[in-house]
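A.B. asks: All residue numbers in the sequence shown are consecutive under my numbering, ending with 707.
Idealized CB from N, CA, C, for every residue including glycine.
Here it is: the structure, laid out below.
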Amino acid sequence: MMKIAVFASGTGSNFQAIIDEVKSGRLAAEIALLVCDRPGAKVAERAEKENIPVFQFSPKEFKNKEAFETIILNQLKQYNVSYVVLAGYMRLIGDTLLTAFPENIINLHPSLLPSFPGKDAIGQAFDAGVKVTGITIHFVDAGMDTGPIIAQKALEVEESDTLETLSAKIHKLEHTYYPHVLNTLFQKRELEV
515 MMKIAVFASG TGSNFQAIID EVKSGRLAAE IALLVCDRPG AKVAERAEKE
565 NIPVFQFSPK EFKNKEAFET IILNQLKQYN VSYVVLAGYM RLIGDTLLTA
615 FPENIINLHP SLLPSFPGKD AIGQAFDAGV KVTGITIHFV DAGMDTGPII
665 AQKALEVEES DTLETLSAKI HKLEHTYYPH VLNTLFQKRE LEV
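Shown next, in the form of structure tokens:
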């Protein structure tokens, strides 16, 4: 079974969806660690409630990204993590982690990449008036949402949609599709070993 570390920065709704799928047996993985770059974020409460170890840090307390990523890397090694799963982690991954986990860092993005990379992708798509948007699950590289795409799921934008209703639909899609794709990827990779 794959040991994963989930990286998150906020409330942790996608983290909770991953927890729920692991507990149900539909996601064959063990959440070994939560990494959070915002001490006190609600996602840490979710992890503690489930007895999942938490590593919290404040980036501004370090001289640079390499410094805090080195400490994160030590944590990942301590817990024998095979994959890093980003679930609302609002920070670019640097060379230290990219080198240690080549093609083993996965991100969920709330648009159909390459459209609307970066922050507020749902708002960008809504403001652009697109008729179809969705989510992308991709491997992380050094760019901003530019890594190889694993899977995408489209969602029609209805004329009656507001930014709030569209956001709710995107999040609902994320919560079901992301764990499913992770499970498929992990099973495929285990067969390849």
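Measure the alpha-carbon distance for S681 versus G526 and round it to whole angstroms.
C.D. replies: Residue numbering aside, residue 681 sits at position 167 when the sequence shown is read from its first letter. Residue numbering aside, residue 526 sits at position 12 when the sequence shown is read from its first letter. Cα to Cα, the separation comes out at about 15 Å.
A.B. asks: Let me know the secondary structure DSSP gives Y593 once reduced to three states.
C.D. replies: As a first step, residue 593 must be located in the sequence shown, where it is residue number 79. Coil.
A.B. asks: Quick one: does I566 have its CB under 8 Å from some CB of chain C?
C.D. replies: In the structure shown, chain C cannot be found, because there is only a single protein chain.
A.B. asks: Please classify Q701: is it buried, with 16 or more other beta-carbons within 10 angstroms of its beta-carbon, or exposed?
C.D. replies: Along the sequence shown, one-based indexing puts residue 701 at 187. Result: exposed.
A.B. asks: Could you check whether the segment 651 to 658 touches the segment 602 to 621, counting it as contact only if at least three pairs of C-beta atoms, one from each stretch, sit closer than 8 Å?
C.D. replies: Taking 8 Å as the limit for Cβ pairs, the verdict is that the segment 602 to 621 does touch the segment 651 to 658.
A.B. asks: With DSSP as the reference, identify every bridge partner of G648, one or two as the case may be.
C.D. replies: Sequence index remark: in the sequence shown, residue 648 carries index 134 (1-based). G648 pairs with A668.
A.B. asks: Could you give the distance in angstroms between the alpha-carbon of E544 and the alpha-carbon of A665?
C.D. replies: One-based indexing of the sequence shown puts residue 544 at position 30. One-based indexing of the sequence shown puts residue 665 at position 151. Cα to Cα, E544 sits roughly 22 Å from A665.
A.B. asks: For R540, which residues of its own chain have a beta-carbon under 8 Å away from its beta-carbon, when the five flanking residues on both sides are left out?
C.D. replies: The sequence position of residue 540 within the sequence shown is 26, counting from 1. Excluding residues within five positions, the ones whose Cβ falls inside 8 Å are P693, H694 and N697.
A.B. asks: Evaluate contact between the segment 619 to 629 and the segment 644 to 652, counting only Cβ atoms and requiring at least three cross-stretch pairs below 8 Å.
C.D. replies: With the cut-off at 8 Å, the segment 619 to 629 and the segment 644 to 652 touch.
A.B. asks: Please state whether the Cβ-Cβ distance between N528 and E670 is less than 8 Å.
C.D. replies: Taking the first residue of the sequence shown as position 1, residue 528 is located at position 14. Taking the first residue of the sequence shown as position 1, residue 670 is located at position 156. Cβ atoms of N528 and E670: not closer than 8 Å.
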